[in-house]
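Residue numbers (full-length UniProt numbering): 1 to 174.
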């Protein structure tokens, strides 16, 4: 009888410990999460420029005097090369979290550097750039997945030939 009571008490304690843990109890994943990736393929190359370190995908508050409340940015800085990737989703009138209806597409044309900057690509803002963003997943919860693809043609400064780019982004919202 005594052993049975000890057994049930141990089971009860284990059950309580396991059931009381929630996602907020998990240790914060570090900035270099293995599942996150930003891959940039240039001119049909099968070898991407990768920006998989220090990925941040979050809402940034904007001063109320601007008339906006926040902007959402995905960024990364490679720890070895120092190369940076930056994608700004623009300013929003609505409070965070920034949302995108999925599935959906958006076209960036002409001047793109106010929205997209990638070390290694010298975008020419005066050119006929045409990039399509395809949103497939855009979770608004912290830790939620964001999946999108940017595909199209762009021009570089001092180069009159169009170039192609395909960017695959899979990140978690911070």
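We treat Cβ as the ideally placed atom computed from N, Cα and C, and that holds for glycine.
Query: Please classify residue 29 as buried or exposed, where buried requires at least 16 neighbouring CB atoms within 10 angstroms.; Result: The pLDDT assigned to residue 29 is 42, lower than 50, so where the model puts this residue is not dependable; a value taken from the coordinates is nonetheless given after this. Residue 29 is exposed by the Cβ-count criterion.
Query: Shortest alpha-carbon distance to residue 74 belongs to which of 86, 100, 66?; Result: 86
Query: Answer with yes or no whether the minimum CB distance from residue 90 to chain D is below 8 Å.; Result: In summary, chain D is missing from the structure at hand, where a single protein chain is found.
Query: Under 8 Å by Cβ, that's how I've got residue 170 and residue 37 pegged, so tell me the actual separation to the nearest angstrom.; Result: 5 Å
Query: Would you identify the three-state DSSP class for residue 127, choosing helix, strand or coil?; Result: coil
Query: Using a 10 Å radius around the Cβ and a threshold of 16 neighbouring Cβ atoms, would you call residue 146 buried or exposed?; Result: buried
Query: Kindly indicate which three-state DSSP category residue 113 falls into: helix, strand or coil?; Result: coil
Query: Evaluate contact between the region 90–107 and the region 135–146, counting only Cβ atoms and requiring at least three cross-stretch pairs below 8 Å.; Result: yes
Query: So, for residue 113: in the same chain, excluding its five sequence neighbours on each side, which residues have a beta-carbon less than 8 Å away from its beta-carbon?; Result: 123, 125
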